[in-house]
Each structure stands twice: as structure tokens, then as C-alpha cells.
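Residue numbers (this note's numbering): 2 to 344.
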């Protein structure tokens with residue numbers, strides 16, 4: 002059975018297309034009796050107005066685009082859940098895209114969202130200043146954009162994330178307090194948050210008069226598969242453990258690296274925490290169930306999502322975004338100490 006059109010409804014009702022449209026949209030110009038009659042005929046034919054066409058005509062879709070690196074990370078999965086709950090509260094729909102930490106895939110995702118008529122975009126960039134010219138152009142000509150999580154980025158808009166330097170400083174300090182001063186840092190290559198997180202690590206070492214050893218910084222390529230990241234970590238950690246000055250602690254600067262390093266250490270017969278204490282960013286709910294339970298830096302995902310969406314709405318509701326004083330909003334993380342640092 003073919004779908005009935007608005008024009009066909011109007012012909013059957015012997016009314017104008019305009020009258021039928023207004024009746025279906027509960028216009029004050031149409032009597033209750035006419036509205037009732039029109040809706041009865043529409044129901045009989047299972048007529049559904051084209052909401053997308055209507056919203057595009059009005060310049061409003063209630064759609065917001067979200068670009069994250071991958072849904073495989075516990076932190077990113079929690080961000081999606083938090084954004085979804087916030088969007089439902091504000092009556093918005095989310096269109097989710099993944100960049101896979103690729104500038105090319107991120108560019109395609111941005112173009113897809115614009116082609117679908119989103120009213121705003123929330124993005125955790127693939128890496129520092131990826132697609133910055135495109136984002137700046139879209140911000141000026143297409144729709145407002147707010148950055149979250151990975152906010153070390155050259156775009157003049159609202160940015161919502163955690164205080165990365167402070168978070169890593171505190172985690173480094175916890176390791177130093179238990180006598181672990183030879184600290185390896187696992188970093189994602191080209192990820193924007195890495196610079197600030199390394200800054201916190203270096204500051205803590207300096208404050209406690211500990212020499213910085215550049216060989217303790219391990220960069221992992223996020224373009225690899227998870228198995229590739231594991232092999233990369235295993236190779237580099239094994240090299241360090243065979244040096245004259247082997248490390249005795251590991252600090253993970255991303256969810257993925259922190260949670261996966263326990264398996265790598267087990268494979269090369271390194272005991273945690275006896276041989277190697279481990280702490281790092283991880284929003285996984287199973288941290289307490291791992292063996293040993295994992296000491297973590299936890300980011301406030303729901304607060305981050307709420308604020309990011311609220312700031313995007315501020316920009317969306319503004320007639321002149323250039324007049325809005327944008328800001329970088331840094332949230333506090335929390336540290337949960339467990340068995341992996343229990344010396």
C-alpha cells in the first residue's frame with residue numbers, strides 16, 4: 002500500500018493543503034471540529050508528517066552530532082550514556098560518530114553531520130588540532146561546536162574537560178608517597194591531552210626533587226589494534242626492565258592504556274604491585290574486580306556531558322555567537338586507590 006500524501010488527504014477532505022497542514026499541527030486558526038475530522042482521516046490512512054522536512058523548513062531538527070574516538074573505551078561509553086541522558090532531558094536527538102583517532106574519518110564524520118542538518122556538534126577531537134581549519138569554518142558558517150575531554154585544541158569555543166595536569170600530578174604524588182619514584186608514563190601518541198598530563202607528571206617530579214628520565218615516557222600509537230598496542234607496550238616495557246635503571250611504577254594517561262597494561266605485565270611475569278605499582282586514568286566499572294584491583298583516576302563523565310551540552314545550547318540559542326564570552330571549564334577528577342598501589 003502506497004503512502005498517502007498531504008495533497009491526497011486534502012483532496013479526500015475537500016480542503017486546502019494549507020488547512021490540513023495547520024489542522025495536523027494544532028494551529029489556533031483551525032476549529033477543534035476540523036482538527037478532529039482531519040486527524041481521523043489521517044489516522045485511517047496511517048499518515049505521518051515528514052518531521053525531517055518540516056524541521057528543515059523551520060531551520061530546526063533537534064539533532065545534535067557527537068564525535069568521539071571510539072565506543073570501545075569505558076570512558077567514552079560512559080560519556081555516550083551521560084550525553085544521551087542529558088539530551089533526553091533537553092528533548093534533543095543524538096547522532097553518534099566515531100573518528101577512530103583518524104583525521105580523515107573525523108573529517109568525513111563532520112561532513113556527514115552537517116549534511117544531516119545537525120544544530121550543533123560536540124566533539125572530542127581525534128588528536129591535537131586535527132581538522133582545525135574545517136571546524137573553525139563550520140563554527141562560523143554552519144553550526145556551533147563545543148569541545149569536550151580532549152580540549153587542548155586551537156578553537157575559540159567552549160571547552161569542557163578535566164584538569165589533566167592536576168590529575169596526573171596527584172597520581173604521580175601517590176606513587177612517590179609509597180616509595181615508587183621510577184615511574185613510567187604510558188601516553189597516547191598525538192592525543193591532545195598528553196601534553197598537559199605529562200606536564201603534571203614532570204611538575205610532581207620537580208617538586209619532589211626527582212630527576213626526569215625521558216626514557217620512561219612510552220608513546221603508544223592509537224592507530225594500532227588493541228593487540229598492536231599491547232605488543233607495543235610489551236616491547237617497550239621489556240626494554241626498560243632490562244636497563245640499569247628499571248622502573249618500579251606505571252602511570253597510564255588513558256583509559257585504554259591503563260586497563261590493558263595489567264595483562265601485558267602478567268604476560269612478562271611482572272607482579273603488581275610487588276614489582277610494579279600501577280595507577281592511571283580509567284573509568285571502567287570493573288576496576289575493583291581486576292586482579293589486582295586497579296587504582297584509578299576517574300573523570301566526572303556525567304558532569305562533563307551536562308556542562309558540554311548546556312554550553313552548546315547557549316551557543317545554539319544565540320543570535321550572535323561572536324558576542325558570547327566562551328571559556329575553558331576544567332573539572333576535578335577523583336583518585337581511587339586499590340591493590341595495584343598497595344605496597
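Each residue gets a CB set at the ideal place from its N, CA and C atoms; glycine is no exception. Computed from a predicted structure; not experimentally measured.
- Below 8 Å, enough C-beta pairs join the segment 165-172 and the segment 194-214 to call them touching: three or more.
- For residue 342, the closest of 280, 113 and 248 by C-alpha to C-alpha distance is 280.
- Between residue 220 and residue 190 the beta-carbon gap is near 4 Å, inside 8 Å, which marks them as a contact.
- Three or more beta-carbon pairs separated by less than 8 Å are not found between the segment 324-342 and the segment 108-119, which leaves the two stretches without contact.
- Per DSSP, residue 220 is not a residue of any alpha helix (DSSP H); the beta strand (DSSP E) it occupies stretches across 218-221.
- A residue is called buried when at least 16 other Cβ atoms come within 10 angstroms of its Cβ; residue 193 meets this threshold and is buried.
- Taking the CA atoms as reference points, residue 313 sits about 18 Å from residue 135.
- Between residue 125 and residue 179, the C-beta spacing is not below 8 Å.
- Annotation for residue 297: the continuous beta strand (DSSP E) segment containing it runs 296-299.
- Secondary structure of residue 213 (DSSP, three-state): coil.
- Using a Cβ distance threshold of 8 Å, residue 118 and residue 63 do not count as a contacting pair.
- Between residue 37 and residue 27, the C-beta gap is not smaller than 8 Å, which leaves the two residues out of contact.
- If you draw a straight line from the Cα of residue 162 to the Cα of residue 269, it is about 35 Å long.
- Residue 252 is classed as buried because its beta carbon has at least 16 other beta carbons within 10 Å across all chains shown.
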